[in-house]
Each structure stands twice: as C-alpha cells, then as structure tokens.
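Below: the structure, in structure tokens.
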Amino acid sequence: MNTIISTRGLTKTYGRVHALDGLDLEVEAGQVHGFLGPNGAGKSTTIRILLGLARKSGGTASVFGLEPWGDAVQIHRRVAYVPGDVSVWPNLSGGEAIDFLARLRGTKTKDAAYRAERERLMTAFQFDPRKKGRAYSKGNRQKVALIAAFAVPADLYILDEPTSGLDPLMEVVFRDEVQRLRRSGATVLLSSHILSEVELLCDRVSIIREGKIVESGTLSELRHLTRTEVSFEAASADALAGIPEAHDGTVEEGRARFTVDSDSIPSVLPVLAQRAVTGLRIEPPSLEELFLRHYGDDLAALRAAEEDSSDAGAGTRASRRAAAKGTR
Amino acid sequence: MFRSLLRQRLRRDWLQLLLWILATVLMAYSGFAGVAQSYATHKDRVEVLAAVMANPVIMMFRGLPSGASEGQFLSFEILPWLTMLAALMSTFLAVRHTRGDEEAGRTELLAATPAGRALPTVATIVHGLAANVVLGVLVAFALAGSKLPAAGSWLTGAVSATTGIAFLGIGLIAAQLMRTSRGANSLTVWILVGTFLINGIGNVAGTPSDDLTRISSSGLVWLSPFGWAEQARPFDTDDAWPALLGLGFGLVLAVGSVALQSLRDIGEGFIPARPGRVFARPALSSPHALVWRLTNGAIIGWAVGGALTGILATKLSGLAGQISGQNPAVQQILDKIGKAGNLEETVVSVFFTMMGILAACAAVQILARARQEEAHGTAEIVLAQPVGRVRWLLDYLLVATIAIAIIVAATMLAAFAGLAGNEDASALAKVVTVVGLGQGLAACVFTALTALAFVLLPRGTIAIAWALVMLATVFGLFGPLFGLPEWTTRFSPFAVTPIISDGTTDLRGTWWLVIIVAVVATASLSLMRRRELRPAA
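Chains as they are written, first to last, in our numbering: chain A, 1 to 328; chain B, 329 to 865.
Structure, rendered in structure tokens:
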C-alpha cells in the first residue's frame with residue numbers, strides 16, 4: 001500500500017520541553033487513521049510539523065513523500081486541514097471565510113459543483129453564512145473550518161479534534177461526512193480524545209503518549225492485547241472455580257466477573273454452558289480500555305495522590321474500570 | 329474581590345502605563361529645557377507669540393497664549409500635547425479593559441462570578457483614575473522641580489490628569505456603544521481629534537490682547553475637554569475650576585457607562601451589527617486581498633488625514649509667505665524643524681514630516697496586523713493552504729507599501745490643490761513632490777523594521793514598532809524644538825529625507841534610507857523562510 005504520512009523518530013523541543021520524543025507514525029492511503037491521546041500528548045504538535053507550520057527538531061517526516069517544512073505549499077495543495085482551535089476573521093462573514101479558503105486552494109467558487117457542495121454542507125451543518133466571524137460561537141467557528149475543508153475535495157484530510165464544540169446532532173453529521181470521505185478513497189488523519197468517535201470511524205488507531213506512539217494497529221489487532229470480560233449471575237466465589245484461563249475473578253453484588261485473553265473465549269464457553277449460568281455477558285475490550293492500558297497508571301497515580309492511599313489493585317482491570325467511571 | 333480585579337488590571341498594564349506616563353513627564357521636563365534654551369529672554373518669547381498671533385494656522389497646533397513668562401510660554405508650547413497624551417492613555421485603557429475584554433470573552437468569565445457585571449467596570453474606572461493621578465503628580469513634580477512656580481506646576485499636572493479623566497469617560501461610553509474594541513477606539517480617536525481641532529479653532533477665533541502675548545478664546549473652546557484644560561491658564565490666572573469641569577465630565581460619563589452596561593446583554597452593543605455577505609466578493613481570492621480587506625478602512629482614514637495635512641501644508645505656506653517679512657520669529661521656529669531655505673519651503677517640509685509620520689503609523693498598523701493574525705490563529709488557517717510563508721509576509725509588506733503610496737499621493741494631490749492661486753506654485757510644487765516622496769521613503773523604513781521585528785521577536789512586534797515610530801517622531805519633529813543635540817535627530821528617518829532649500833535639492837540621507845529599506849526588507853523575508861508559526865499560546 002501507498003504510504004501517505006510517515007514519521008521516524010520525530011522530535012520537537014520547545015526550550016527544555018520535549019513535545020515530541022521520537023514519534024513513529026505511519027498512515028496508509030485510504031485509511032481513516034485515529035490519532036488518540038489526551039491534551040498535551042503531542043497530537044497538535046505532530047500535525048503542525050506535518051503541515052510545515054512548525055519545524056521538527058529531529059527525526060524524519062514525510063507527507064506524500066515530500067518534506068513538510070520545505071515543500072509545505074506543494075503538500076497543502078492536496079490537504080484539507082481543520083485546526084483544533086478554530087479562529088475566524090471577526091469582520092468577515094462565515095460565507096466569505098469559506099469562499100476565501102476554497103479560493104486559496106485553487107477552487108473556482110462560481111462552479112456549480114462547488115456551490116452545490118457548499119450548499120449541501122451548510123444545510124447539513126445548519127450553518128448561517130451571513131453572520132460576521134466575531135458573532136460565531138465556538139461550535140460555529142468549527143463549522144466554518146469543517147465546511148471549508150469538506151467543500152473542496154482533497155487527498156488527505158487532517159482533522160485536529162474536529163468535533164470539539166459541536167453538539168451531538170452535528171457530531172452525527174460530521175461522522176456521515178467522514179464516512180463519505182472514506183468511500184471516496186481519501187485518507188483521513190483524525191486526532192481526537194473522544195474514544196467513541198475514533199472507535200466508530202477509524203480503520204487504524206495510533207495512541208500517543210508523552211510524544212511517542214505507544215500502540216498502533218487496527219482495532220481488532222489492538223483488541224488482542226487486552227482481555228475480554230465475562231460475567232454471569234452467581235452467589236458465591238465457588239462459581240469461578242475451575243474455569244480455564246480466568247484472571248482477576250471477583251464476585252460482587254450477585255455477579256461473578258473474570259477476564260480471559262480474547263483468543264481463549266471458545267475454550268471458556270463450554271465450561272459456562274455446562275454450568276448453565278444465567279445472565280451471561282461477554283464484553284470485548286473497548287477502545288477506552290485499550291487507551292487506559294497506556295494511561296491507566298497515570299490515572300491510578302492521580303487517584304492515589306487524590307486519596308492519599310496506595311491502591312493495591314491499581315493495575316487490575318476492575319480498578320481501571322472503576323477509575324474510568326470515576327472520571328467520566 | 330474588588331482589590332483582585334484592580335490588581336489584575338495593574339498587573340496587565342503596568343509597563344504600558346509606565347511608558348505613557350514617562351513619555352508625558354519627559355515631554356513636560358524636556359519642554360521646559362527647550363523653552364529655557366531656545367527662548368531664553370522675555371523678548372524672544374514675546375516675538376514668537378506675536379508672530380503666532382499673526383498666523384492663525386500655526387496657533388491651531390499650539391496651546392493658548394497666556395503671556396510671555398517662562399511658565400506661560402511652556403503652557404503655550406506643550407499643554408495641548410501633555411493633555412493629548414493623557415487623553416490617549418486613558419481612552420485606550422478604558423476600551424482595553426471593557427470592550428476589549430468583552431470581545432475576547434473574558435468579561436463573560438468574570439460576570440459569571442460574584443464580581444457580576446458592574447464591578448469589573450468600576451475597577452476599570454478606579455484604575456484609570458489612579459493612572460491619571462499618578463501622571464498628574466509626576467508632571468507637576470517635573471515642572472516644579474524645574475524651578476517653575478509651584479501653583480502653575482500643580483495646575484498643569486492637574487489639568488493633564490482631568491483631561492485624561494474626561495477621555496476615560498469618553499472611552500468608557502464608546503466601549504458601551506460599539507460592539508468591537510476596534511470600533512470603540514476609532515470612535516474615541518475621532519472624538520479626540522475633533523475636540524482638539526474645535527479647541528484650536530476656538531483659540532484662533534479669540535481676541536488677542538494689545539501686546540499680542542495673550543488671547544481671550546471664543547466660547548467655542550468650552551465644547552472641548554482640551555479647552556477646559558487650557559482655560560485653567562497655568563502660570564497665569566491659575567484657575568482650578570475649568571479643570572474640575574473635565575473631572576466632573578469624566579465621572580458623569582463613567583457613571584453613565586455603568587448604567588448603560590446594565591441595559592444591555594454581554595457581548596452586544598447599542599449600534600447593531602449588520603449581516604455579512606453570503607458569498608465572498610470575487611476580489612477576495614488571495615492572501616494579499618485578505619490583507620487589503622482587513623486594513624482598507626484604516627488606510628482610507630490615514631489617507632484622509634494625509635489629504636488634510638497636504639492642504640494645510642500649501643495653504644499655510646501661502647499665508648506664511650505673506651507674513652514672513654514681518655515676523656522673523658516664525659521663521660526661526662520653523663527653521664529649527666525644517667532646515668529648509670525660505671519660509672514657504674520650510675512650512676511645506678514641516679507638514680510633510682507630519683505626513684511621513686502618518687504614513688509610518690499606517691504601515692506599522694498593517695505589519696502589526698500580521699502578528700495579530702498569527703496570535704489570533706487566523707494566520708494558521710491561511711498558511712495551511714497552498715500559501716508560502718515568505719509570500720504571506722511579502723503580501724503584508726506590499727500592502728503596507730501600497731498604503732504608504734496612497735497616503736503620499738492623497739497628501740500630494742491635496743497639496744497641489746492648495747497651491748491654486750499661489751504665486752510660487754511651480755516652485756512649491758517641486759518642494760511638495762520631492763519632500764512628499766522622501767517622507768514616503770522614510771515611512772518605508774518602518775515597514776521594513778516592523779517586518780524584521782515580526783520575524784525575529786514576534787511577541788514584541790507591536791510594542792517595538794510603535795516605540796520606534798514614537799522615538800523617531802520625538803527626535804525628528806520635536807527634538808529641534810526641545811533643543812536636543814542635532815546629531816540625535818539624524819537617527820530619525822523623518823529628519824534625513826531630501827529637502828529643497830531656496831530651489832536647490834539636498835538629498836541628505838536618501839541613499840541611506842534606500843539601503844536600509846532594501847537590506848532590512850530582504851533580511852526579514854529571507855529569515856521568514858526559517859521561521860515557524862508562533863501563535864499566542
């Protein structure tokens with residue numbers, strides 16, 4: 001397959017701060033690639049380097065096989081970008097800003113195709129193009145950038161937390177648009193900290209932590225790295241005895257829970273069937289859990305500091321789950 | 329809570345206010361030194377005053393003559409400028425902390441706390457009052473320390489402060505009316521210029537005393553805060569009550585602004601916003617079209633200012649020509665600034681120096697816009713399109729240069745129009761052309777220097793650029809008046825442009841200016857190749 005974005009050992013330092021610390025990112029043509037990490041992990045810095053808005057301190061980066069800093073203009077001809085924090089010109093209307101950005105990308109804004117696409121997007125996003133930039137809320141500024149990005153076809157879409165500020169209805173519209181891009185064969189780099197969004201939209205996911213990619217792969221590849229949770233109704237701890245490859249078994253509030261490697265589910269099922277368990281639930285690991293695999297110890301440390309007590313079970317799945325619930 | 333609001337204002341402003349106040353105090357101090365040195369004897373001062381009385385247009389840009397003592401003459405020379413600095417400091421302060429904060433969304437954040445809607449505005453009022461009190465006291469110290477009579481010194485300080493307070497009120501009201509800080513600032517600056525001219529016209533229309541050292545102004549001056557300040561006549565009658573007028577006016581407007589604020593929603597103004605266009609005009613299709621779109625309103629304003637300057641330059645030179653024989657003292661003042669040959673040439677040169685400063689301000693404003701776009705985040709969206717960094721900066725340089733050309737052209741055309749009926753029209757037209765183009769070149773120096781500051785020290789761009797214009801103005805236009813040594817004026821681009829002296833052209837530093845513009849502009853563009861985007865955060 002054709003590599004669109006590739007970085008090797010990419011570093012970026014701001015004074016003594018290492019924003020990127022050897023980042024290896026690989027995005028193939030036609031992928032919708034999720035770029036996951038909390039705020040401050042280095043997502044926006046990476047994107048700015050890929051767009052040639054910031055200069056790398058070390059390592060290599062290429063987009064369409066070109067060098068982002070030197071060949072920025074050539075790259076930009078094929079890229080649509082939605083920044084994380086969209087600002088618009090206070091005295092330009094939204095419609096003017098969208099037309100202006102389209103023209104910078106070489107579009108004839110009188111073309112019927114462009115006009116129709118612009119109209120369709122404005123209707124879908126329920127966007128009023130007449131208002132001046134200063135009157136737009138955060139969500140509306142985001143819509144300016146999204147409509148400007150989607151109205152003109154591009155080979156690569158770089159979207160930096162594109163749904164921040166959008167209401168749930170608009171998030172659905174956004175997802176539909178990304179699906180449309182996927183069908184058209186475009187490549188999308190979608191940076192986000194909203195796990196459900198990435199889980200729904202992305203073929204592959206890279207998780208960034210402290211300026212490094214700590215995990216990268218398709219969702220099903222990543223799922224193999226964690227265990228599936230199985231639970232059923234049970235009264236006593238005896239219920240868990242004799243189940244092969246079960247880990248972290250507990251019985252609480254009338255339910256027995258344990259985890260197994262995702263590959264071993266078939267060997268567990270006959271045992272459960274034999275015991276005729278009721279209320280059986282098998283939950284494959286969500287992206288959230290994959291994510292917390294890498295960030296769980298951060299969370300645990302935070303909570304430990306908060307409660308000023310060391311939680312012995314910090315590494316277990318149950319406690320991670322509790323931690324995740326607590327932070328929601 | 330109130331104290332922390334006040335502390336936050338001080339913390340944000342202290343450096344800026346310190347510079348404003350120091351500039352005002354320095355002007356008071358060096359103004360006195362200039363008077364003592366250049367017009368040492370009573371006879372010198374009487375002559376100058378008589379000359380000015382004979383020439384109303386000069387008087388518009390000077391203070392109210394109240395007599396020929398050192399103190400009285402100092403008031404005549406600098407009181408309008410002291411009060412003007414205090415007024416500018418105060419209106420910008422008022423708008424910055426009210427509409428500016430509101431536009432940035434900070435007011436909303438505060439209004440949701442127990443501080444409420446009114447308290448931040450009250451804190452701004454107290455902050456502005458305090459800044460003016462400090463300014464007034466320091467001006468008084470500077471003058472009293474120069475061995476001037478204490479009463480007049482304190483009154484000068486007091487009227488500077490009360491004029492500042494009057495404009496604090498005007499700024500606060502403008503911030504309530506307009507929806508943007510840009511709109512509020514331009515409204516107050518127009519009011520400031522308008523009231524300044526009203527006061528000047530009021531003085532010109534007044535009655536001179538028999539010995540030609542004193543003018544009783546016409547009633548018109550009472551319409552202007554600058555008039556209230558001058559009618560206090562420091563070092564003469566030392567009336568305190570006109571100063572109280574400014575104070576009262578400012579306080580009433582301040583209270584009014586708090587009342588107006590309680591009538592409207594946060595983020596809204598009283599002047600409604602017009603809806604924008606659905607589709608962009610065909611012209612808005614390139615980065616430089618955007619720069620033009622963002623700055624053309626301001627450029628037109630500067631060009632109108634230039635045209636006024638131009639018409640004054642030649643009309644006044646005509647008047648000056650008629651009286652030059654009788655009043656050597658006028659010539660003496662103008663010679664100090666213009667260094668040209670005959671009086672008419674000198675008057676034109678002086679006014680075109682003012683145009684050079686206007687054009688430099690316009691250029692700095694446009695280049696500063698590049699930094700504002702970068703800090704605001706809108707530069708990022710443009711630079712993520714197929715637009716090169718160097719080309720992006722070059723567009724700002726080009727628009728700034730075109731703006732200078734427009735301002736110079738407007739000024740020169742108005743000046744040519746003003747020459748109609750003048751006997752020396754053809755000779756003066758040559759002066760207008762040479763001096764006008766030369767000052768345009770001087771303005772280009774500031775375009776290039778601002779670009780360099782933008783590339784090398786992005787965060788300091790705006791402060792550095794305006795500081796350079798201010799220094800060059802002080803050295804180039806006021807330096808000779810205040811008796812600064814001659815070599816210091818050579819650092820000002822405005823003071824080394826070509827002049828015409830009795831029909832012969834002296835190029836002075838023209839080639840130096842050309843070299844500086846070329847080198848600095850090239851350096852900033854080539855350094856831009858390596859510069860990353862530096863947003864505010």
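Just so it is clear, CB atoms sit at the ideal spot from N, CA and C, and this is done for glycine as well.
{"Query": "For B/I828 and B/V763, believed in contact at Cβ under 8 Å, the rounded distance", "Result": "7 Å"}
{"Query": "Segments assigned alpha helix (DSSP H), at least 4 residues, entirely inside the segment 22–61 of chain A", "Result": "43–50"}
{"Query": "Coil, strand or helix - A/G15 by DSSP", "Result": "coil"}
{"Query": "Unbroken beta strand (DSSP E) run spanning A/F258, endpoints", "Result": "255–261"}
{"Query": "Near-chain C residues of the segment 711–745 of chain B (beta-carbon distance less than 7 Å), N- to C-terminal order", "Result": "Among the protein chains in the structure shown, which are A and B, there is no chain C."}
{"Query": "Bridge-paired residues (DSSP) for B/R862", "Result": "Its beta-bridge partners do not exist; DSSP assigns none."}
{"Query": "Proximity of B/V845 and B/A776 at Cβ, strictly below 8 Å", "Result": "yes"}
{"Query": "DSSP bridge partner residues for B/P536 (one or two, in chain order)", "Result": "B/I543"}
{"Query": "Host alpha helix (DSSP H) of B/S418 (start-end)", "Result": "398–423"}
{"Query": "Min CB distance B/G597 to chain A below 8 Å", "Result": "no"}
{"Query": "Inter-stretch contact at 8 Å, needing at least 3 Cβ pairs: the segment 475–490 of chain B / the segment 428–439 of chain B", "Result": "no"}
{"Query": "B/I349 vs B/L463 beta-carbon contact at 8 Å", "Result": "yes"}
{"Query": "Sufficient close CB pairs (3 or more, under 8 Å) joining the segment 227–235 of chain A to the segment 209–219 of chain A", "Result": "no"}
{"Query": "Test: A/Y81 CB closer than 8 Å to a CB of chain B", "Result": "yes"}
{"Query": "Enclosing beta strand (DSSP E) for B/A502 [first to last residue]", "Result": "Element bounds for B/A502: not the beta strand (DSSP E) but the alpha helix (DSSP H), 478–505."}
{"Query": "Residue of A/D261, A/D176, A/T107 minimising C-alpha distance to A/A154", "Result": "A/T107"}
{"Query": "Of the residues B/D539, B/V532, B/T541, B/R561, the one placed nearest B/G547, counting alpha carbons only", "Result": "B/V532"}
{"Query": "7 Å CB neighbourhood of A/R130 in its chain, flanking five on each side removed", "Result": "S93, G95"}
{"Query": "Unbroken beta strand (DSSP E) run spanning A/H76, endpoints", "Result": "Where A/H76 is concerned, there is no enclosing beta strand (DSSP E), although the alpha helix (DSSP H) it sits in stretches over 72–76."}
{"Query": "Through-space distance from A/S164 to B/G444, alpha-carbon basis", "Result": "28 Å"}
{"Query": "Helix, strand or coil at A/H247 according to DSSP, with G and I counted as helix", "Result": "strand"}
{"Query": "Three-state class that DSSP yields for A/E229 in the structure shown", "Result": "strand"}
{"Query": "Beta-carbon proximity of B/H455 to B/L334, cut-off 8 Å", "Result": "yes"}
{"Query": "Beta carbon proximity, A/E96 to chain B, threshold 8 Å", "Result": "yes"}
{"Query": "Cβ shell of A/R141 (< 6 Å), same chain only, five flanking positions each side left out", "Result": "V86, V88"}
{"Query": "Neighbour flag for B/P786 against chain A, beta carbons, 8 Å", "Result": "no"}
{"Query": "Close beta carbons around B/G746, own chain, < 6 Å, minus the five adjacent residues each side", "Result": "I639, T642, K643"}
{"Query": "9 Å Cβ cut-off: residues of chain A touching B/L612", "Result": "L92, E96, D99, F100, R103"}
{"Query": "Interface residues of chain B facing A/A54 [CB-CB closer than 8 Å]", "Result": "E860, L861"}
{"Query": "Interface residues of chain B facing A/S87 [CB-CB closer than 7 Å]", "Result": "H704, G705, T706"}
{"Query": "Where B/S614 sits in the DSSP three-state scheme", "Result": "coil"}
{"Query": "Buried/exposed call for B/G380, threshold 16 Cβ in 10 Å", "Result": "What sits at residue 380 of chain B in the sequence shown is Val, not Gly. Classification for B/V380: buried."}
{"Query": "Burial state of A/Y14 (16 or more Cβ within 10 Å)", "Result": "exposed"}
{"Query": "Interface residues of chain B facing A/P270 [CB-CB closer than 7 Å]", "Result": "By Cβ distance, chain B contributes nothing, its closest Cβ being about 56 Å from A/P270, past 7 Å."}
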